[in-house]
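Asks: Take this structure first; my questions come after.
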Amino acid sequence: MKWVPFPMLRIAGFFIGGILFSIYQPDCISPNVAVVLPITLALVYFIIYFIEGIKTLPVLLGFIGLSAIFLFGYVRLYLQNDLRKKDHISIIVEPINAYEAVVRSVPQEKE
């Protein structure tokens, strides 16, 4: 078996595509569908793979697998993004007059 880097480039490209889609179109897919759909696609991929094998349906498996990877990228950013939190600075409607900072440790001196 020989390792070929090109499949990893496709996987990374689709994952990054999902992240970019989540940045520029954050409300295009509802949160429930965005979480359930990639898991479902991954399960369908493995079921078809183990029943039929890779040689019988390679295009269908590729489409399902890369769609799942794309949606995993979308969900990854969707779940990690703070813009959806109620106390995020972008959601505050009133004008902000000042910020409050919390010092957690003593300042360190440069050596």
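Start counting the sequence shown at 0; every next residue gets the next number (numbering that gives the first Met the number 0).
A virtual CB, placed ideally from N, CA and C, is assigned to each residue, including glycine.
All values derive from a computational prediction rather than experimental measurement.
1. Terminal residues of the continuous alpha helix (DSSP H) containing V74?
2. Tell me the residue span of the alpha helix (DSSP H) that contains S104.
3. Tell me whether V35 is buried or exposed, calling it buried when 16 or more other Cβ atoms sit within 10 Å of its Cβ.
4. Can you name the start and end residues of the alpha helix (DSSP H) that L82 belongs to?
5. Excluding the 5 residues flanking Q79 on each side, which residues of the same chain have their C-beta closer than 8 Å to its C-beta?
6. With 16 as the cutoff for other CB atoms within 10 Å, does S29 come out buried or exposed?
7. Grab me the residues of L40's own chain with a C-beta within less than 6 Å of its C-beta, minus the 5 sequence neighbours each way, in chain order.
8. Contact between the region 71 to 78 and the region 18 to 33 is defined here as three or more beta-carbon pairs at a separation below 8 Å; is this criterion met?
9. Buried or exposed, going by whether 16 or more other CB atoms sit within 10 Å of the CB of F69?
10. What span of residues does the alpha helix (DSSP H) with A33 cover, start to end?
11. For a test of the three-state rule: what should DSSP assign to P94, helix, strand or coil?
Replies: The structure says:
1. Within the sequence shown, numbered from 1, the residue matching residue 74 stands at position 75. In this chain, the alpha helix (DSSP H) harbouring V74 covers 57 to 79.
2. Residue 104 sits at position 105 when you count from the first residue of the sequence shown. Neither: S104 is in no alpha helix (DSSP H) and is coded neither H nor E.
3. Translated into positions along the sequence shown, residue 35 becomes position 36. Around the CB of V35, fewer than 16 other CB atoms lie within 10 Å, so the residue is classed as exposed.
4. As a working mapping, residue 82 is identified with position 83 in the sequence shown. Element bounds for L82: n/a, residue is neither H nor E.
5. Position 80 of the sequence shown holds residue 79. Nothing listed; no residue qualifies.
6. Position 30 of the sequence shown, counted from the start, is the residue given in the question as residue 29. By the Cβ neighbour-count rule, S29 is exposed, with fewer than 16 other Cβ atoms within 10 Å of its own.
7. One-based indexing of the sequence shown puts residue 40 at position 41. Excluding sequence positions up to five before and after L40, its CB lies within less than 6 Å of the CB of I63, S66, A67, all in the same chain and listed in chain order.
8. With the rule of 3 Cβ pairs closer than 8 Å, the region 71 to 78 counts as touching the region 18 to 33.
9. To locate residue 69, count along the sequence shown from 1; it is residue 70. Buried.
10. In the sequence shown, counting from the first residue as 1, residue 33 sits at position 34. Per DSSP, A33 belongs to the alpha helix (DSSP H) from 30 to 51.
11. Here residue 94 corresponds to residue number 95 of the sequence shown, with the count starting at 1. Shown here, P94 sits in coil according to DSSP, grouped into three states, outside any helix or strand.
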